[in-house]
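Asker: Take this structure, written in structure tokens, and hold onto it; I'll ask about it next.
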């Protein structure tokens, strides 16, 4: 690509961030494990203790990721939300199809509630990871010069 | 995210070079096809149609596996040896297609596959395929976390970097390193999927 600059590392590359992508990816991994546990019992009613515990930890990690992201200043918020909303739309559709399959298969009550919560977390995890990854490599709008290290709490 | 920009002028250092095509992160022309595929999958599940479920699972899974293997074991290593500029050139044309194609194939394969296994009784604990299917969930789970948590965000970030008037080669190289590494891992996992699925189909 002739238009790619091979100059010295840009501030966006050397800038350090809190582990938002890592936390949210672990959250996604936990939801996947919970989903595997639930699916491995189908079509029987699965025991909910472990899946629910996993879901709670996953939700906590998602919230932590969202909180850490919300405190980032300066940050390319315009780029973040542009990507987040489109990705959210895509993954709500994806989660909706999976949820529809469970409803169609007569999963009801607490197991269905657990699956739906997992799907909500899944539909939020992926857009957050994508939007954060895109925004962290973008320069904040109207910001010139070097960018601060935001990997530690202020 | 889906808008189409105009031709942009590329810059190396301070010297302007030839114009390059603007990058469309999500190819809009592909969206109606994706919508049709998703509608077909939903209809297959709703109607519990054996042929349609089998078609979605086999066609989607075959394409998903073949593309992952080809990209992970053939394209990925080649890409890793190219210059940053060549990688960026390839990525600009390749990744937008993958952004639409792969999530659609994955959704088609998994949703139809689960319903098919339920319909055929393979999910029953008494079925000899039950254990193999649980192993396949684990393999797919690992692939899902790698693809959704690492690969796809990096791909989309590369595309956004490429859309800038002056893309940063170092940022693209950093993100593409993820692609090269994870695509290989996913390719190997797909070999495991092939073994599992052929076992399930022949028991």
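Protein chains in written order, with the working numbering: chain A, 1 to 154; chain B, 1001 to 1203. Ideal Cβ placement from N, Cα and C applies to all residues, glycine included. Fair warning: this is a prediction, and the values are worked out from it, not measured in the lab.
Assuming contact is defined by CB atoms lying nearer than 8 Å, are residue 55 of chain A and residue 97 of chain A in contact in what I supplied?
Answerer: Locating residue 55 of chain A in the first chain gives position 55, where the first residue counts as 1. Locating residue 97 of chain A in the first chain gives position 97, where the first residue counts as 1. No, the pair does not count as a contact, with Cβ atoms beyond the cut-off.
Asker: With 8 Å as the threshold, decide whether the Cβ of residue 130 of chain A is near any Cβ in chain B.
Answerer: Your numbering for residue 130 of chain A matches position 130 in the first chain. So yes, residue 130 of chain A belongs to the interface.
Asker: Compare the C-beta of residue 951 of chain B against all C-beta atoms of chain A and say whether one is closer than 8 Å.
Answerer: Nothing in the structure corresponds to residue 951 of chain B, since chain B is present only between 1001 and 1203.
Asker: Leaving out five residues before and five after residue 1150 of chain B in sequence, what residues of the same chain have Cβ atoms less than 8 Å from its Cβ?
Answerer: For the purposes of this step, residue 1150 of chain B is taken as the residue at position 150 of the second chain. The answer, listed in chain order, is 1178 and 1182.
Asker: Can you list, in chain order, the residues of its chain with a C-beta nearer than 8 Å to that of residue 6 of chain A? Leave out the 5 residues immediately preceding and following it.
Answerer: Here residue 6 of chain A refers to the residue found at position 6 when the first chain is read from its first residue. The pLDDT assigned to residue 6 of chain A is 47, lower than 50, so where the model puts this residue is not dependable; a value taken from the coordinates is nonetheless given after this. So the list is empty, once near-sequence residues are dropped.
Asker: Where do the ends of the alpha helix (DSSP H) carrying residue 1137 of chain B lie?
Answerer: Working through the second chain from its first residue, we reach residue 1137 of chain B at position 137. Residue 1137 of chain B -> alpha helix (DSSP H) spans 1130–1146.
Asker: Roughly how many angstroms separate the alpha carbons of residue 1054 of chain B and residue 1164 of chain B, rounded to a whole number?
Answerer: Here residue 1054 of chain B corresponds to residue number 54 of the second chain, with the count starting at 1. Here residue 1164 of chain B corresponds to residue number 164 of the second chain, with the count starting at 1. So the alpha carbons of these two residues sit roughly 43 Å apart.
Asker: What does the alpha-carbon distance come out to for the pair residue 106 of chain A and residue 1078 of chain B?
Answerer: Here the question's residue 106 of chain A lines up with position 106 in the first chain. Here the question's residue 1078 of chain B lines up with position 78 in the second chain. Those two C-alpha atoms are separated by around 47 Å.
Asker: Within 10 Å of its beta-carbon, does residue 70 of chain A have 16 or more other beta-carbons around it, so buried, or fewer, so exposed?
Answerer: If you number the first chain from 1, residue 70 of chain A lands on position 70. Under this definition residue 70 of chain A is an exposed residue.
Asker: Please confirm whether residue 1078 of chain B has its beta-carbon closer than 8 Å to some beta-carbon of chain A.
Answerer: What you label residue 1078 of chain B is simply residue 78 of the second chain in a count that begins at 1. It does not: the Cβ of residue 1078 of chain B has no partner Cβ on chain A nearer than 8 Å.
Asker: In chain A, which residues lie with their C-beta within 9 Å of the C-beta of residue 1043 of chain B?
Answerer: Position 43 of the second chain holds residue 1043 of chain B. Those do not exist, as residue 1043 of chain B stays about 11 Å from chain A at its closest Cβ, beyond 9 Å.
Asker: Do residue 1171 of chain B and residue 82 of chain A have their C-beta atoms within less than 8 Å of each other?
Answerer: Indexing the second chain from 1 puts residue 1171 of chain B at position 171. Indexing the first chain from 1 puts residue 82 of chain A at position 82. No, the Cβ-Cβ distance between residue 1171 of chain B and residue 82 of chain A is not below 8 Å.
Asker: Just list the beta strand (DSSP E) runs in the region 1026–1113 of chain B, keeping only unbroken ones of 3 residues or longer that don't cross its boundaries, in chain order.
Answerer: DSSP runs (the beta strand (DSSP E)) wholly in the region 1026–1113 of chain B: none.
Asker: For residue 1187 of chain B, count the other beta carbons within 10 Å of its own beta carbon; 16 or more makes it buried, fewer makes it exposed. Which is it?
Answerer: Walking along the second chain from the start, residue 1187 of chain B turns up at place 187. Answer is buried; the Cβ neighbour count reaches 16.
Asker: Would you say residue 28 of chain A reaches chain B, if we count a Cβ-Cβ gap shorter than 8 Å as a contact?
Answerer: Working through the first chain from its first residue, we reach residue 28 of chain A at position 28. So, interface residue.
Asker: For residue 42 of chain A, which residues in chain B fall below 7 Å Cβ to Cβ?
Answerer: Position 42 of the first chain holds residue 42 of chain A. Going along chain B in sequence order, the residues near residue 42 of chain A (Cβ under 7 Å) are 1118 and 1123.
Asker: Is there a C-beta anywhere in chain A that falls below 8 Å from the one on residue 1052 of chain B?
Answerer: Numbered from 1 along the second chain, position 52 holds the residue referred to as residue 1052 of chain B. With 8 Å as the cut-off, residue 1052 of chain B does not count as an interface residue toward chain A.
Asker: What does the alpha-carbon distance come out to for the pair residue 9 of chain A and residue 24 of chain A?
Answerer: Start at 1 with the first residue of the first chain, and residue 9 of chain A comes out as number 9. Start at 1 with the first residue of the first chain, and residue 24 of chain A comes out as number 24. Note on residue 9 of chain A: pLDDT 48, under 50, position unreliable in the model; no value is reported.
Asker: Determine the DSSP secondary structure at residue 125 of chain A, reduced to helix, strand or coil.
Answerer: Locating residue 125 of chain A in the first chain gives position 125, where the first residue counts as 1. Residue state, collapsed to three classes: helix.
Asker: Identify which residue in B/1144, B/1201 and B/1101 has its Cα closest to the Cα of residue 1027 of chain B.
Answerer: For the purposes of this step, residue 1027 of chain B is identified with residue 27 of the second chain, where counting begins at 1. Comparing Cα-Cα distances from residue 1027 of chain B to each of B/1144, B/1201 and B/1101, the minimum goes to B/1101.
Asker: Could you tell me the distance, in whole angstroms, from the CA atom of residue 1140 of chain B to the CA atom of residue 1058 of chain B?
Answerer: Taking the first residue of the second chain as position 1, residue 1140 of chain B is located at position 140. Taking the first residue of the second chain as position 1, residue 1058 of chain B is located at position 58. Near 15 Å, if we compare the C-alpha coordinates of residue 1058 of chain B and residue 1140 of chain B.
Asker: Mind checking residue 1083 of chain B: buried by the 16 CB within 10 Å criterion, or exposed?
Answerer: On the second chain, residue 1083 of chain B is found 83 positions in, with the first residue counted as 1. Under this definition residue 1083 of chain B is an exposed residue.
Asker: Counting only C-beta atoms, is residue 25 of chain A closer than 8 Å to chain B at any point?
Answerer: In the first chain, counting from the first residue as 1, residue 25 of chain A sits at position 25. Judged by the 8 Å Cβ criterion, residue 25 of chain A is in contact with chain B.
Asker: Quick one: grab the DSSP three-state call for residue 78 of chain A.
Answerer: Locating residue 78 of chain A in the first chain gives position 78, where the first residue counts as 1. Note: residue 78 of chain A maps to helix in three-state DSSP.
Asker: Is the separation between the beta-carbon of residue 18 of chain A and that of residue 62 of chain A shorter than 8 Å?
Answerer: Indexing the first chain from 1 puts residue 18 of chain A at position 18. Indexing the first chain from 1 puts residue 62 of chain A at position 62. Not a contact, by the Cβ cut-off of 8 Å.
Asker: Taking all protein chains shown into account, do 16 or more other C-beta atoms lie within 10 angstroms of the C-beta of residue 85 of chain A, making it buried, or fewer, making it exposed?
Answerer: Taking the first chain and counting its residues from 1, one reaches residue 85 of chain A at position 85. Label assigned to residue 85 of chain A: exposed.
Asker: Closer than 8 Å, CB to CB, is residue 1201 of chain B near chain A or not?
Answerer: If you number the second chain from 1, residue 1201 of chain B lands on position 201. Closer than 8 Å: no.
Asker: Does the beta carbon of residue 1156 of chain B sit closer than 8 Å to a beta carbon anywhere in chain A?
Answerer: Working through the second chain from its first residue, we reach residue 1156 of chain B at position 156. So yes, residue 1156 of chain B belongs to the interface.
Asker: Name, please, each residue of chain A whose Cβ falls closer than 9 Å to the Cβ of residue 1055 of chain B.
Answerer: As a first step, residue 1055 of chain B is located in the second chain; it is residue number 55 there, counting from the start. Ordered by position in chain A, no residue passes the 9 Å Cβ test against residue 1055 of chain B, which lies about 16 Å from the chain.
Asker: Inspect the beta-carbon positions of residue 1041 of chain B and residue 1111 of chain B and report whether they are closer than 8 Å.
Answerer: Translated into positions along the second chain, residue 1041 of chain B becomes position 41. Translated into positions along the second chain, residue 1111 of chain B becomes position 111. Contact: yes.
Asker: Let me see if you follow: with CB-CB separation under 8 Å, is residue 1007 of chain B close to chain A or not?
Answerer: To locate residue 1007 of chain B, count along the second chain from 1; it is residue 7. At residue 1007 of chain B the pLDDT is 33, less than 50, meaning the model places this residue with poor confidence and gives no usable figure here.
Asker: Are any of the Cβ atoms in chain A nearer than 8 Å to that of residue 1030 of chain B?
Answerer: Numbered from its first residue, the second chain carries residue 1030 of chain B at position 30. So no, residue 1030 of chain B is outside the interface.
Asker: With burial defined as no fewer than 16 other Cβ atoms inside 10 Å of the residue's Cβ, what is the status of residue 110 of chain A: buried or exposed?
Answerer: The sequence position of residue 110 of chain A within the first chain is 110, counting from 1. By the neighbour-count rule (16 or more Cβ atoms within 10 Å), residue 110 of chain A is not buried but exposed.
Asker: So is residue 1116 of chain B buried or exposed if we call it buried at 16+ other beta carbons inside 10 Å?
Answerer: By 1-based counting over the second chain, the position of residue 1116 of chain B is 116. So residue 1116 of chain B counts as buried.
Asker: Looking only at its own chain, which residues have a Cβ that is under 8 Å from the Cβ of residue 1194 of chain B, when we skip the five neighbours before and after it?
Answerer: The residue given as residue 1194 of chain B occupies position 194 in the second chain. Correct list, in chain order: 1065.
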